[in-house]
Amino acid sequence: MEDGEYYDILLLDIEMPGLNGIELTNKVKKYLPDAITIFVTSYEQYVYKSFEVQPYRFIPKKDAVKMLPAAVKDALGLAFEREGKFYVAENQRVLEKIPLKSITYRL
1 MEDGEYYDIL
11 LLDIEMPGLN
21 GIELTNKVKK
31 YLPDAITIFV
41 TSYEQYVYKS
51 FEVQPYRFIP
61 KKDAVKMLPA
71 AVKDALGLAF
81 EREGKFYVAE
91 NQRVLEKIPL
101 KSITYRL
């Protein structure tokens with residue numbers, strides 16, 4: 001992301017070595033505030049803590065087979081819906097998606 005990479009959807013575990021999924025989401029949201037986060041984890045006790053980063057879905061690993069396909073499909077639908085609501089600024093080094101709602105102008 002620091003090099004201009006863009007991601008619409010983040011599929012993360014919460015318990016990871018070094019940096020947990022909630023901390024990672026906080027860092028990502030600084031660069032990509034509209035990224036859609038889906039947590040898949042065995043640690044359901046983090047469901048309320050995860051609300052701090054406003055995940056799109058929280059999926060227990062034990063239910064991933066039945067819940068994950070629908071969550072990804074819905075997240076893709078949301079990402080495509082949002083696609084038309086962005087201005088894309090691109091140069092040789094970076095691609096930036098700017099939400100239309102954040103652009104102001106005066107006549």
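Residue numbers (our numbering): 1 to 107.
All residues carry an ideal CB built from backbone N, CA and C; glycine is no exception.
Keep in mind that this is a model prediction, so the values were computed, not measured.
| query | result |
| --- | --- |
| Short Cβ contact (9 Å threshold) for Ile9 with Tyr46 | no |
| Which residues DSSP lists as bridging Arg57, in chain order | Ile38 |
| Rounded distance between the beta-carbons of Ala89 and Glu83, thought under 8 Å | At roughly 15 Å, the Cβ-Cβ gap does not stay under 8 Å, so Glu83 and Ala89 are not in contact. |
| In DSSP terms, what Lys111 is bridged to | The requested residue 111 is not part of the displayed model; the chain covers only 1 to 107. |
| Close Cβ partners of Phe86 (< 7 Å) along its chain, the five nearest in sequence each way excluded | Lys97, Ile98, Pro99 and Leu100 |
| Residue environment, Ile59, which counts as buried when at least 16 other CB atoms sit within 10 Å | buried |
| Classification of Phe80 by the beta-carbon crowding that lies within 10 angstroms, buried from 16 upward | exposed |
| With 16 other Cβ atoms within 10 Å as the buried cut-off, status of Thr104 | exposed |
| Endpoints, beta strand (DSSP E) assigned at Ile103 | Careful: Ile103 lies outside any beta strand (DSSP E) and carries neither H nor E. |
| DSSP three-state assignment for Leu32, whether helix, strand or coil | coil |
| Euclidean distance between Cα positions of Pro17 and Leu107 | 51 Å |
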